[in-house]
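Asks:
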Amino acid sequence: MSEKYKVAVATSDGKTVDSHFGHVQSFLIFEVDEESGKAEDIGERDVTAACSGGSCGGVQSGSDSGCGGHNGAGSGSSPMDEIAKALSDVDYVLVARIGPHAIRALAKYDVTAYDIVLPIEEAIAKINEYRIKIKERKQKRY
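Per full-length UniProt numbering, the sequence shown starts with residue 1, numbered consecutively.
1. Which of the three DSSP states, helix, strand or coil, is assigned to V9?
2. Going by beta carbon distance, what residues of the same chain come within less than 6 Å of T16, once the five residues before and after it are set aside?
3. Report buried or exposed for A107, applying the criterion of at least 16 other Cβ atoms within 10 angstroms of its Cβ.
4. Please classify I116: does DSSP put it in a helix, a strand, or coil?
5. Just mark P79 as buried or exposed, buried being the case when its beta carbon has 16 or more other beta carbons within 10 Å.
6. Check the C-beta distance from G22 over to A49 and give it rounded, since I have them as a contact under 8 Å.
7. Rounded to whole angstroms, what's the CA-CA distance from A123 to D91? Just pull it up for me.
8. Any idea what DSSP makes of L28, helix, strand or coil?
9. Taking the Cβ atom as the reference point for each residue, do V47 and F30 lie within a distance shorter than 8 Å?
10. Sort S12, D33 and L28 by Cα distance to S2 and report the nearest one.
11. Near K4, which residues of its chain fall below 6 Å by C-beta distance, leaving aside the five closest residues on each side in sequence?
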């Protein structure tokens, strides 16, 4: 029996991975059959964009402030954390750009993010090839 996994894709046109994680208002969700590589669009997941009103502009790389980072006030979760929680049932997130806070937020749910700009089908095929290669390497070791 072939293993299936889920991929969330940030896209503005439904064809290409082309959106920044913090700017996305919805993700397309695909279920992928690892053996055949067939990806089935199983829906859309709405989220609240973490970066709004230009709050991402000028944020230095690696900073946890702005663009979904904690601002130090209170102990509530950040917008990035809320998006990560909404995507907690997927295995991979494909985006055009993603910052370190979002990567850490997703990792809490064992979700791996890849920044890649390609047609969706091609990007998912690359993820599938990578999964298969990793499994083959692990099998050779044991």
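We put the CB at the ideal spot given by N, CA and C, even for glycine.
Replies: With the structure as the only source:
1. strand
2. P119
3. exposed
4. coil
5. buried
6. 7 Å
7. 14 Å
8. strand
9. no
10. D33
11. E31 and D33
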